[in-house]
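Undergrad: Under UniProt numbering, the residue at position 10 of the sequence shown is numbered 10, and the numbers go up by one with no gaps. Using N, Cα and C, we set each Cβ at its ideal position, and we do this for glycine too. All values derive from a computational prediction rather than experimental measurement. Next up is a structure, given as structure tokens.
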Amino acid sequence: MKFDTPAGSNPIDRMSVVGRAHSRIDGPLKTSGRAPYAYEHQGFERMAYGYPVGAAIGRGQIASIDTAEARRAPGVITIVTSPDAGKLDKGKFNTAKLFGGSEVHHYHQAIAVVVAESFEQARAAAALVRVKYSRAKGRFDLDEELKHAPLTGGSSGEGSAAPPVKRVGKFEEAFAAAPVQLDATYSTPDHSHAMMEPHATIAEWNGDRLTVWTSNQMIDWGRGDLAKTLGIPKDKVRLVSPYVGGGFGGKLFLRADVVLAALGAKAAKRPVKLALPRPMMANNTTHRPATRQRIRLGANHDGTLVAIGHESGSGDQPGGGPETAVNQTELLYAGANRMVAMRLAVLDLPEGNAMRAPGEAPGLMALEIAMDEMAEKLGMNPIDFRARNDTQVDPAKPERRFSERQLVRCLREGAGRFGWNRRNPRPSHVRDGRWLVGMGVAAAFRNHINMASGARVRLGRDGRVTVETDMTDIGTGSYTIIAQTAAEMMGVPIDAVAVRLGDSDFPVSAGSGGQFGAANATAGVYAACVKLREAVAGRLGLDPATAVFAGGKVRGGSHSLDLRQAAAQGDLVAEDKIDFGELGKTHQLSTFGAHFVEVGVDSFTGVTRVRRMLAVCAAGRILNPVSARSQVIGAMTMGLGAALMEELAVDPRFGFFVNHDLAGYEVPVHADVPHQDVLFLEEADDLANPMKAKGVGELGLCGVGAAIANAVYNATGVRVRDYPITLEKHL
Ligand code: MOS
């Protein structure tokens, strides 16, 4: 089904199942431990265990690997080393190689896998693998490398290069002439996804056919890249990932666990299971790259922005891409003269890549402090200042309107609900005992992306509906909203729908990433259900255009037939996908919100405690308020981590992240998050898709960090522009 005209009224509009609060249908399986995660699939014969060895240098060559002692260790079946594996290909979505060859591109890059009868034996033997390196000088210092880094546009989404500097009007002149100016530089550190479930895989060969049970957000990408890496046809590879214990972008792509398990299984001629040990994850896999961002704002005294400039620098492995931290600055505020630019340094640190809301998350951490600073210079309420500079069109292309944009309403309604009028605009003037108390606000913005997405639906003679798609549920609630969609479309109760996900044998979906999963995957299920409705009506001799599906029955004219009758002579199966035409190009599809935060800063120790948080979101139709809220409060928690705690510490001598486990890489715990509130504004986006929904899972992260930073400033009067805002920075 091609989506190229605004969604008219359709069965989803009934909202009798969609849009209602439903607990996760997979909840009981998960809470009782019966949902199999990658490492837990059962039923294999003679399972062997793999343990990876990671490079102990940041860059250089493997001179030799001595496996003699390791091979003699108890229980060892086989060892595959990177030089022995030869030149394996690189996945389309991988920047550095996952395995193969003698070159070391980054610390903890996989260089060997030990396969043994037990996990403990494999781990013990891995410690006996002796490696000699010849170490090369690496580029590990972002600030140093940015001094001579070239401009880059990154890619524009279809893989074509975007212009390295984007301009509207005359930024430099307008900034120089502006009566009120802000020129400030902000920095964000490298972040780790730190998801609960590590990267893990069970691999099994059956002749030349390979099946992997793994933990991956994007089944079809992973399948393609596994085939490409191993040099085998894609149709010989099956990838199964029904449950994913968190991803945050760290599992968008094929990672070393899959390749090592596959090679280990081939060499051992047995199924092999392998998980990346937690201390290897930060350096072996990807991370959100650190940024250095310079923002210049020029405004008239009435608060009208006349010049907006945002330059961001980040680094990555050779051939990698920039952290696109200037994304939101192109679209968030009006302003006649604009400039955004990015620089990309070459680094030999581990591969940088997408982490939840790549681009906007670190970009708004900077831009929304800058907006707070400018509001203060102007003597304006930061909410009025943002509202003054609202735009309903793309500032670079005024003919492109936003499909829906309720930023100002998010700010105003949030202000009322949060009690913003109780904020004292003079910093460091509110006390509660030893605590300095402050409030902060920030805008939230994240683009919505349309992705083709397919599904297959089946109506059984028992009247039950089964949905199959390779869509993943990474803890987000995909199972539930897909069941809701099929139930609404076919007019059956939600418990008459079975949902099967995360298998490359099923139709290719949008997958889980970039907050595009929920809206696109359900739109694909919608498309398949439209076909199934036609098949049902056809069998029963009804007009599909006027047939009404409700209460397990189909009504047409004076006929009312039980759905089961349609499948009486055999199951009815329909498959389709949603495809997008030009609508998303003629209009700008984005999601908006506002974050409000109250903090207390201990006036003696400098410790910051978040006291209250509120997010107001406008993101199209909310498919399930329970799972959507869960996404948003999770994202707010992640933003709290980014503001106050999270930082991968780089050792610039040896080129690795020092705090590469959950003891050293701090993330918030429940006690850090006392009170969160989420409000969804009513919205149905006709131009987005037939569900009239957009993404929300990343919006909740976008802007939170700055709202906290602004609250800390309001509490203390000390402006910290370098994240995380740890206590020594504002003492
Ligand atoms: Mo998200 S960083 O695209 O999983």
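(1) When DSSP builds the beta bridges, which residues end up paired with E598?
(2) With A55 and T214 assumed to form a contact (beta carbons below 8 Å), what rounded beta-carbon distance in angstroms separates them?
(3) Pull up the distance between the alpha-carbon of E575 and that of L501, whole angstroms please.
(4) Do S504 and A521 come within 7 Å of each other at the CB atom, strictly closer than that value?
(5) Count the other C-beta atoms from every protein chain shown that fall within 10 angstroms of the C-beta of D257, then say buried if there are 16 or more, exposed otherwise.
(6) I need the DSSP call for V393, collapsed to helix, strand or coil.
(7) Do you know how far the Cα of K132 is from the Cα of V632?
(8) Distance check for G224 and S82, CA to CA, integer angstroms please.
(9) Does DSSP classify L260 as helix, strand or coil?
(10) With DSSP collapsed to three states, give me the class of T480.
(11) Could you give the C-beta distance for V240 and I474, rounded to a whole number, given that I count them as a contact under 8 Å?
(12) Where does I12 fall in DSSP's three states?
(13) Just verifying my parser: in three-state terms, what is the DSSP assignment at T549?
(14) Is R446 close to ligand 1? I mean its beta-carbon at under 6 Å from any heavy atom of the ligand.
(15) Hey, would you say L588 sits closer than 7 Å to D390, going by beta carbons?
(16) Kindly indicate which residue of V467, G419, R405 and A684 has the alpha-carbon position closest to the one of A444.
(17) Does at least one heavy atom of ligand 1 sit under 6 Å from the Cβ of M1?
(18) Could you give the C-beta distance for I481 and A518, rounded to a whole number, given that I count them as a contact under 8 Å?
(19) Answer yes or no: do F253 and H193 have a C-beta to C-beta separation smaller than 7 Å?
(20) Which residues neighbour ligand 2 when neighbourhood means a C-beta less than 7 Å away from any of its non-hydrogen atoms? List them by chain order.
(21) CA-CA distance, R434 and Y713?
(22) Helix, strand or coil: how does DSSP classify M374 here?
(23) Return the chain-ordered ranges of every beta strand (DSSP E) run that is complete within the region 565-596 and spans a minimum of 3 residues.
(24) Is the distance from the Cβ of K251 to the Cβ of N284 below 7 Å?
(25) With DSSP as the reference, label M281 as helix, strand or coil.
(26) For R139 and V346, which I take to be in contact (beta-carbon distance under 8 Å), what is that distance rounded to the nearest angstrom?
(27) Would you call the CB atoms of S134 and G60 closer than 7 Å?
(28) Would a C-beta distance cut-off of 7 Å place G524 and K577 closer than the cut-off?
(29) Rounding to the nearest angstrom, what Cα-Cα distance links L305 and K87 in this structure?
(30) Hey, V53 and A149: beta-carbon distance below 7 Å or not?
(31) By DSSP's criteria, D651 is part of a beta bridge. Which residues make up the other side?
(32) Around the Cβ of F99, are there at least 16 other Cβ atoms within 10 angstroms (buried) or fewer (exposed)?
(33) Take E582 and list the residues in its own chain whose beta-carbon comes closer than 7 Å to its own, dropping the five residues that flank it on each side.
(34) Looking at the secondary structure, which residues open and close the beta strand (DSSP E) in which A213 lies?
(35) Would you kindly work out how many angstroms separate the C-alpha atoms of P493 and A535, rounded to a whole number?
(36) Near G639, what residues of its chain come up, given a Cβ to Cβ distance below 6 Å and the 5 sequence neighbours on each side ignored?
TA: Per the coordinate set shown:
(1) For the purposes of this step, residue 598 is taken as the residue at position 598 of the sequence shown. Beta bridge pairing from DSSP links E598 with M439 and R612.
(2) For the purposes of this step, residue 55 is identified with residue 55 of the sequence shown, where counting begins at 1. For the purposes of this step, residue 214 is identified with residue 214 of the sequence shown, where counting begins at 1. The beta carbons of A55 and T214 sit about 23 Å from each other, so the pair does not count as a contact at 8 Å.
(3) As a first step, residue 575 must be located in the sequence shown, where it is residue number 575. As a first step, residue 501 must be located in the sequence shown, where it is residue number 501. So the alpha carbons of these two residues sit roughly 15 Å apart.
(4) Walking along the sequence shown from the start, residue 521 turns up at place 521. Walking along the sequence shown from the start, residue 504 turns up at place 504. For A521 and S504, no; Cβs fall outside 7 Å.
(5) In the sequence shown, the residue the question calls residue 257 occupies position 257. Around the Cβ of D257, a 10 Å sphere holds 16 or more other Cβ atoms; the residue is buried.
(6) Counted from its first residue, the sequence shown places residue 393 at position 393. Collapsing the DSSP output to three states places V393 in a strand.
(7) Counted from its first residue, the sequence shown places residue 632 at position 632. Counted from its first residue, the sequence shown places residue 132 at position 132. V632 and K132 have their C-alpha atoms spaced approximately 47 Å apart.
(8) Walking along the sequence shown from the start, residue 82 turns up at place 82. Walking along the sequence shown from the start, residue 224 turns up at place 224. Between S82 and G224, the C-alpha separation is close to 21 Å.
(9) Numbered from 1 along the sequence shown, position 260 holds the residue referred to as residue 260. Here DSSP, grouped into helix, strand and coil, assigns L260 to helix.
(10) Here residue 480 refers to the residue found at position 480 of the sequence shown. Correct three-state label for T480: helix.
(11) Along the sequence shown, read from residue 1 onward, the residue named residue 240 stands at position 240. Along the sequence shown, read from residue 1 onward, the residue named residue 474 stands at position 474. With a contact defined as Cβ atoms closer than 8 Å, V240 and I474 miss out at about 15 Å.
(12) Here residue 12 refers to the residue found at position 12 when the sequence shown is read from its first residue. Residue state, collapsed to three classes: helix.
(13) Position 549 of the sequence shown, counted from the first residue, corresponds to residue 549. Here residue 549 is Phe; the residue named in the question, Thr, does not match the sequence. For F549, the secondary structure class from DSSP, reduced to helix, strand or coil, is strand.
(14) In the sequence shown, residue 446 corresponds to position 446, counting from 1. Every heavy atom of ligand 1 is 6 Å or more from the Cβ of R446, so no.
(15) As a first step, residue 588 must be located in the sequence shown, where it is residue number 588. As a first step, residue 390 must be located in the sequence shown, where it is residue number 390. First, the amino acid is wrong: residue 588 is Gln here, not Leu. At a Cβ-Cβ threshold of 7 Å, Q588 and D390 do not count as neighbours.
(16) Here residue 444 refers to the residue found at position 444 of the sequence shown. The shortest C-alpha separation from A444 is found at R405.
(17) In the sequence shown, residue 1 corresponds to position 1, counting from 1. Flag unset: Cβ of M1 not near ligand 1.
(18) Numbered from 1 along the sequence shown, position 481 holds the residue referred to as residue 481. Numbered from 1 along the sequence shown, position 518 holds the residue referred to as residue 518. Right, their Cβ atoms sit about 6 Å apart.
(19) Here the question's residue 253 lines up with position 253 in the sequence shown. Here the question's residue 193 lines up with position 193 in the sequence shown. Their beta carbons are not under 7 Å apart, which means F253 does not touch H193 by this criterion.
(20) The model depicted lacks ligand 2 and carries ligand 1 instead.
(21) Here the question's residue 434 lines up with position 434 in the sequence shown. Here the question's residue 713 lines up with position 713 in the sequence shown. Approximately 17 Å between the Cα atoms of the pair.
(22) The residue labelled residue 374 in the question sits at position 374 within the sequence shown. Of the three classes helix, strand and coil, the one that applies to M374 here is helix, per DSSP.
(23) Listed in chain order, they are 572-580.
(24) If you number the sequence shown from 1, residue 251 lands on position 251. If you number the sequence shown from 1, residue 284 lands on position 284. Not in contact: K251 and N284 (Cβ atoms no closer than 7 Å).
(25) Within the sequence shown, numbered from 1, the residue matching residue 281 stands at position 281. For M281, the three-state secondary structure derived from DSSP is helix.
(26) Here the question's residue 139 lines up with position 139 in the sequence shown. Here the question's residue 346 lines up with position 346 in the sequence shown. That belief holds up - the Cβ atoms of R139 and V346 are roughly 6 Å apart, short of 8 Å.
(27) Taking the first residue of the sequence shown as 1, we reach residue 134 at position 134. Taking the first residue of the sequence shown as 1, we reach residue 60 at position 60. Going by C-beta atoms, S134 is nearer than 7 Å to G60.
(28) Position 524 of the sequence shown, counting from 1, holds the residue named residue 524. Position 577 of the sequence shown, counting from 1, holds the residue named residue 577. Less than 7 Å divides the Cβ of G524 from the Cβ of K577.
(29) The residue you call residue 305 lines up with position 305 of the sequence shown. The residue you call residue 87 lines up with position 87 of the sequence shown. Straight-line measurement puts the Cα of K87 at about 54 Å from the Cα of L305.
(30) For the purposes of this step, residue 53 is taken as residue 53 along the sequence shown, with counting starting at 1. For the purposes of this step, residue 149 is taken as residue 149 along the sequence shown, with counting starting at 1. The criterion of a C-beta distance shorter than 7 Å is not satisfied by V53 and A149.
(31) Numbered from 1 along the sequence shown, position 651 holds the residue referred to as residue 651. D651 is bridged to F656.
(32) Working through the sequence shown from its first residue, we reach residue 99 at position 99. In the assembly as shown, F99 is a buried residue. Its beta-carbon has 16 or more other beta-carbons within 10 Å.
(33) Taking the sequence shown and counting its residues from 1, the one referred to as residue 582 is at position 582. Cβ within range, chain order: D4.
(34) Mapped onto the sequence shown, residue 213 falls at position 213. Looking at the sequence provided, one finds Trp at residue 213 rather than Ala. Element bounds for W213: R209 to T214.
(35) The residue given as residue 493 occupies position 493 in the sequence shown. The residue given as residue 535 occupies position 535 in the sequence shown. Between P493 and A535, the C-alpha separation is close to 20 Å.
(36) Along the sequence shown, read from residue 1 onward, the residue named residue 639 stands at position 639. If we look at G639 and ignore the five residues flanking it on each side, its Cβ neighbours are L701, V704 and G705.
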